[in-house]
Structures are given as structure tokens and as C-alpha cells.
Amino acid sequence: MFVAINADFTCRTPDTSLLRRPFLCLNFIIFAQVLASVVCTNMTDTNDTDYDRINDVTKALPGHQSSTRFELSSNDIIFENTWRYRSFPGIKIPVVRSPYPTFGSPWPLPWSWSSSSCYYNVDMKRFHFEFHTISNEILQSAVNRYTYMIQNKLGFSVYPKVWQHNEKNLFSHFSDNYQSTCENSPVKRNHDFRGSSWEISPSSFRANRHYSSTTTNHSHDANLKTSNDISHNFISEQMSRLIRKYKLSEHSTRRRGIKKSALLHVINPDSKLPHVNMDESYILCVSGNGIFIIANETWGALRGLETLSQLMWTIKDQSHVFVNQTYIVDYPRFKHRGLMIDTSRHFISKSVILLNLEAMSYNKLNVLHWHIVDDQSFPYQSDVYPELSAKGAYREDLVYTSKDIKEIVEFARFRGIRVIPEFDIPGHTRSLSLSHPEIMSQCQYDSKNLAYYGPLNPASNKTYELLENLFNEVFQLFLDDYVHLGGDEVETICWDRDPGIVQGVENYDQSSSIFWINYFWRCVQNIVTQIGKKNPQSKRNLILWEDVVEHVTDLNKSLFVQVWKSYSSFHLSKGFNIIYSICWYLDLLNDIKRWTDFYLCDPSDHAPLETERQILGGEACMWSEYQSDYTVLTKIW
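For what it's worth, full-length UniProt numbering labels the leading residue of the sequence shown as 1, then goes sequentially.
Set out below in C-alpha cells:
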């Protein structure tokens with residue numbers, strides 16, 4: 001089934017041989033749009049500012065809507081006016097759909113996107129990228145990937161079938177000298193940009209809480225007719241300014257309209273590891289002067305390359321490829337845009353994880369939260385404790401070796417994606433009891449003559465010895481500055497009923513569970529701190545589920561709190577930075593009508609304005625009790 005959300009998403013043909021362009025046709029695209037995209041609103045009173053960074057990336061345009069390429073028919077207008085998020089009334093089998101599939105459109109919607117209805121021909125056989133600055137291994141790898149995809153027309157959106165009666169007109173306005181419609185395109189200027197400055201910093205933009213999505217997106221508005229609402233002259237003016245500012249060379253050819261190359265300009269290409277504060281901003285301009293991508297850092301260049309590949313579109317027989325005249329300024333609203341996968345309940349193979357990373361790259365997500373172990377299985381193969389997976393995994397071949405993990409982390413790094421592992425403690429650890437029962441607590445019931453393993457035993461030194469050795473190893477494999485240690489759903493009643501644990505707090509005026517949960521996290525924080533002191537490369541900050549904050553008083557304020565069951569105001573008031581997940585549990589999306597709730601959820605809705613900067617972003621969570629290798633990608637995407 002094809003679901004195009006609000007006509008802003010293009011479904012692409014999968015290319016599994018390259019682990020590229022998975023069939024992204026379900027619900028997760030809505031989450032990507034909410035987290036990754038901000039569209040500017042009217043800003044008419046801003047003044048010129050000095051450019052310390054790449055302030056062109058923060059150049060906002062006044063509110064515009066780009067035109068459709070062809071005049072809407074009466075049927076189009078009927079569908080557009082009828083479609084309102086949910087299915088049509090009276091239909092017994094609801095099918096949520098958009099009236100139009102998109103083509104030649106970026107996803108998620110950029111912060112600012114100006115596009116005219118004129119377009120250029122792309123020389124697919126000779127198309128290539130050129131570097132205006134020093135390259136690095138990540139950029140070179142990305143350029144090779146995107147060059148291959150573009151030259152082989154992999155995943156291009158296709159001119160919509162509903163408009164194919166106009167396909168013959170695509171070439172009717174081409175100039176012989178320019179192979180483009182832009183030189184002959186009529187100009188309609190709705191706004192005069194001369195003498196005005198629309199420059200504003202991302203920080204001040206976010207502070208104003210202008211998160212409208214109605215200003216610059218390509219929308220099929222019934223009141224819009226085919227015209228150049230955004231003048232191609234304006235885009236040309238912006239391109240000329242960029243050429244002067246960054247001393248770029250114009251990509252002029254004898255047949256100037258044919259696009260044979262794109263110029264990549266990265267101001268600081270030295271960054272090698274994606275991190276929480278990485279700069280993903282970029283400018284992308286397609287005009288008569290050429291195709292240019294300008295970014296502060298490597299990570300912004302990666303997002304710009306992805307956007308360029310999305311802008312290109314073809315016709316049914318793929319004999320020609322086009323790209324519209326475009327000016328994009330993009331900057332993510334949230335620095336943490338993640339997806340959590342669970343590989344304990346059902347094992348997910350490495351190839352599926354890599355394919356999922358490609359899908360994340362397409363959607364410009366930047367964090368893979370890997371919930372790697374849990375009660376059901378322990379697929380992480382430790383070199384220090386090989387018995388953990390030997391006895392805790394489903395099978396000896398259903399494990400992740402250190403080689404597998406390094407490959408996944410490296411694959412993600414080359415796409416600007418952080419990989420954060422989660423080793424959930426002290427609960428969700430029963431798979432450890434198969435190899436190390438001595439570190440587990442005993443859950444005993446007075447009324448029944450039975451016992452079972454509960455959370456980790458917080459009173460045993462052996463528990464902390466194993467955790468320290470395990471963390472030392474894990475921090476060498478996962479390179480991100482953060483590690484997720486869970487902390488949710490701890491069955492603390494077991495600590496109140498385990499005689500050995502209760503005995504340790506007989507002299508304290510509090511229950512066993514309250515004492516031990518605070519004691520446990522003091523010890524764990526100390527272990528992580530000491531590992532970082534011994535080896536600075538292993539210095540890590542913590543991410544914990546919100547359950548820990550509810551019960552533990554002595555926590556480092558540098559940790560991130562992942563919110564999954566309550567609104568964020570409580571944790572924000574305590575000064576913690578939060579990651580929002582409460583409304584994005586993908587495994588619970590069983591009713592197709594609920595996708596609107598996912599789309600309309602905003603992390604800042606329940607946050608006071610003064611604490612909004614503490615919201616790092618959000619994560620969609622795919623728990624795998626009912627998902628496997630064969631279904632997980634379909635369910636997510």
C-alpha cells in the first residue's frame with residue numbers, strides 16, 4: 001500500500017543490492033517530518049548580521065508557496081478539498097491517502113524551500129560532483145554513492161501518471177542553447193527582495209517558536225494556478241551572491257542549461273564522528289550558474305546530497321532526468337532525531353539493520369538507538385564474557401560479534417548517524433541469569449512456594465564487577481559520547497522480598513527498594529565516571545528512561561532523560577535535557593487512523609517556553625515482541 005502523507009513524500013523503488021532506497025511507504029515518514037523540519041514564517045524586520053558561521057544557512061525567506069507545475073483539474077480540486085487527514089466518510093475500509101504522490105520534492109521539508117516551475121535537463125551519463133574545498137573519507141564515500149545513484153537513476157520519483165497527458169509539453173519550452181525552460185520562463189514577482197535582508201539565526205528562530213509548515217512547501221492548493229510564484233530571478237540572485245561570497249566557480253557550459261556536475265563546498269571538513277552538537281545545516285542552489293551545495297560541516301553536506309538526489313525526477317521511460325530551479329536553506333529543528341530498534345525479543349540481522357540505516361539517511365534521521373539486549377535474549381557477543389551470549393542468545397549464530405558492531409557503527413558514521421547502544425539495567429536482565437545467576441535478585445512470594453529471578457542484585461559486588469568489565473568493552477566498540485543504560489520497569493518488589501538484599505538495609509529507616517535503587521545508580525554513575533578517567537576516549541554520558549528520574553534523587557544533570565510515559569514538564573523542571581518518545585511507539589500503531597496523532601504530536605506542546613531548549617528531540621520506538629526480520633522494516637517505514 002502506498003501512503004503519501006500530505007503529498008510531501010515520494011515513494012522510491014528499492015535497491016537492495018546497494019542497501020539503498022527502501023520502500024518507504026508507511027508510517028514513520030511522519031515522525032521524520034516533525035523532528036527534522038522547520039518551515040519559516042514571515043520575517044520582515046530582520047537586519048543584516050555578520051557571518052561568523054555560514055549565515056546563509058540561516059537565511060529565511062518570507063512566506064511563500066511554490067506553484068504546482070500544471071493547472072489543477074476539477075477532479076484534483078474535489079480530492080484536495082475532500083481529503084482532511086482521515087479517510088472519506090462512509091467508506092467501510094478506511095484507506096488514508098494523499099490525492100497526489102510527490103515528485104522532485106525534498107523530504108523532510110526543509111527549513112526554507114524556494115522553487116520555480118522551470119527546470120533543467122540533467123546529463124546522467126556524465127554527471128559528477130566536484131569539491132571546492134578539501135574532502136575527507138566520509139565526503140568522498142558519499143559522493144561516490146550519490147554519483148552512482150544519480151547516474152543509474154536509482155530511486156528517482158517519476159512524473160505523476162495523472163499528469164502524463166502533459167508529458168509531451170515538458171520539452172516544448174526548451175531553448176536549443178540552454179536545454180532548460182528557465183531562460184524563457186515568465187517572471188512573476190509577488191515580493192520585492194531588493195534592499196531587504198531576510199537573515200536570522202537558527203537559535204533566534206527556534207526561540208520564536210515559529211514552527212509553521214504552511215509557508216514554503218510545495219502544496220497542491222486548489223486556489224493555486226500554474227505560475228512562477230517564486231521568481232527564478234530571485235533564485236539566480238541568491239546564487240550570484242553565494243558565488244561572490246564563497247568565490248565559487250560557475251559551472252557554465254556551451255549548453256548552459258544541461259547539468260553535468262554539482263559543486264560541493266564544505267567550510268570545515270575535519271569532523272570525523274557524528275555527535276550531539278554536529279552542524280547539519282546546508283544551502284542547496286540549482287540555477288543557471290550550476291548546482292551548488294554549501295555546508296559548515298561534513299554532516300550538512302550529507303543532508304544536502306540526499307536532498308539533491310530527491311529533487312531529481314524523471315519521466316515514465318526514464319529517458320530524461322530533470323531538476324527544478326531551487327534554492328534551499330535547511331537546518332534541523334532538533335539535534336536528536338532517532339529511531340530505536342529492539343534486537344532482543346526477535347533477532348534482527350545485520351543486513352536489515354544496514355538497510356534500516358539507509359532508510360534513516362533518506363529521512364535525515366541521525367540517531368540509531370540500539371536496544372541490543374533484554375530479558376528474552378542476550379545477542380551481544382562479549383569477548384570478556386563469552387558465556388553471556390553462549391547461554392543467553394537464541395542460537396549461537398544469532399549474535400552480534402565485535403566485527404558486526406564495528407561494521408554497523410562505521411556504516412552509520414558514513415551517513416552521519418550516531419549509534420547509541422542500550423544495555424538496560426537493573427531490570428530487563430533475566431537473560432543474564434542463564435550464565436550469571438549469582439548477580440540476580442530472587443523474587444519470592446510468601447503465599448506461594450516459588451521464586452524466580454528479578455532485577456540485578458544491587459547488594460552484590462559481583463554485579464558491579466561484571467558491569468564495569470562489560471562497559472569497558474562496550475565503550476571501545478560504540479564510539480558515541482552517550483550510552484543508554486535503560487532503568488525502566490524495575491521490579492523493585494523483589495528487592496523487598498529477597499532476604500539477602502533486605503538484610504543489607506536493616507539499620508536504615510527506609511524500605512529496601514528505595515535504598516537500593518539510589519545506591520545502584522550511584523555505583524553505576526561512579527563506574528562510568530571512573531572508566532572515563534582511566535581512558536578519556538571511553539568517557540561517556542548517560543541516557544536513561546524517565547523511570548529513574550522518578551525514583552532516584554542523586555543524578556548527574558548532564559544525563560539525558562528519555563520520556564515514554566508522561567509529559568515532559570516534570571523532567572524539564574528538574575533541569576534535565578529530554579528525548580521525547582511518548583507519542584511515537586510504532587509497535588502500537590495498529591489502527592491506520594492513528595497516524596494523524598503521530599503526525600500532530602509536537603515535543604514542545606507541553607513544555608514551558610523557557611525550558612524548550614532542554615528538548616533535544618525525539619525518538620520513534622519499534623519494540624519487537626511481534627516483529628522480526630521479515631516485518632520490522634515494513635512496520636517502521
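The beta-carbon is built from N, C-alpha and C at its ideal position, and this holds for glycine as well.
Asked: E130 versus N277: straight-line alpha-carbon distance, rounded; Found: 27 Å
Asked: Closest residue to Y282 among E625, T611, P274, T307 (Cα-Cα distance); Found: T307
Asked: Sub-7 Å separation of V528 and S512 beta-carbons; Found: no
Asked: Distance CB(H132)-CB(T147) smaller than 7 Å; Found: no
Asked: Length of the line joining the Cα atoms of H571 and N289; Found: 50 Å
Asked: Between the CA atoms of V524 and L368 - distance to the nearest angstrom; Found: 23 Å
Asked: Inter-residue spacing [alpha-carbon to alpha-carbon] between S112 and D330; Found: 6 Å
Asked: Inter-residue Cα distance where the pair is D404 and L354; Found: 11 Å
Asked: Beta-bridge pairing of C443 - partner residues as DSSP gives them; Found: Y452
Asked: When Y159, D547, V373, R303 are compared against D317, the one with the closest alpha-carbon; Found: Y159
Asked: Residue ranges of each alpha helix (DSSP H) within the stretch 376-453, 4 or longer; Found: 387-392, 402-413
Asked: S431 vs N457 beta-carbon contact at 7 Å; Found: no
Asked: Spatial neighbours of G392 in its chain, beta-carbon cut-off 7 Å, leaving aside the 5 residues before and after; Found: S377, F378, S431, L432, L434, S435
Asked: Whether R126 touches K260 by CB criterion (7 Å); Found: yes
Asked: For N366 and W637, the rounded distance between their alpha carbons; Found: 16 Å
Asked: Cβ-based neighbour list, K557, same chain, cut-off 6 Å, excluding 5 preceding and 5 following; Found: G575
Asked: Cβ shell of G454 (< 6 Å), same chain only, five flanking positions each side left out; Found: S441, C443, E491, C494
Asked: Sub-7 Å separation of M360 and L339 beta-carbons; Found: yes
Asked: Chain-order list of residues whose beta-carbon lies under 6 Å from that of F414 (same chain, five-residue window excluded); Found: I138, S141
Asked: Whole-angstrom C-beta distance between G618 and W584, which should lie under 8 Å; Found: 6 Å
Asked: Identity of the residue in F334, T326, D587 nearest E612 by Cα; Found: F334
Asked: Sequence ranges, beta strand (DSSP E) only - wholly within the stretch 95-151, length at least 3; Found: 112-121, 128-131
Asked: Rounded distance between the beta-carbons of H371 and T401, thought under 8 Å; Found: Contact flag wrong, Cβ pair sits at about 18 Å.
Asked: C-beta atoms of Y119 and N356 nearer than 7 Å; Found: no
Asked: Extent of the continuous alpha helix (DSSP H) run through W584; Found: No alpha helix (DSSP H) contains W584, which DSSP labels as neither H nor E.
Asked: Residue environment, S351, which counts as buried when at least 16 other CB atoms sit within 10 Å; Found: exposed
Asked: Close-in-space but distant-in-sequence residues of the same chain around D279 (CB under 7 Å, 5 per side omitted); Found: N296, E297, W299, G300
Asked: Alpha-carbon to alpha-carbon, I258 and V286; Found: 11 Å
Asked: Distance, G104 Cα to E489 Cα; Found: 45 Å
Asked: Simplified DSSP state of K533, which is helix, strand or coil; Found: helix
Asked: Pick from D602, Y380, V409, N577 that is closest to R395, judged by C-alpha positions; Found: Y380
Asked: CB of V483 within 7 Å of CB of N518, strictly; Found: no
Asked: Residue interval of the alpha helix (DSSP H) (run including M278); Found: Counting along the chain, M278 falls outside any alpha helix (DSSP H), and DSSP gives it neither H nor E.
Asked: Other residues of its chain near D547: CB distance less than 6 Å, five sequence neighbours each side excluded; Found: G487, D488
Asked: Cα-Cα separation, R540 to F475; Found: 8 Å
Asked: Span separating the alpha-carbon of D629 from that of I348; Found: 5 Å
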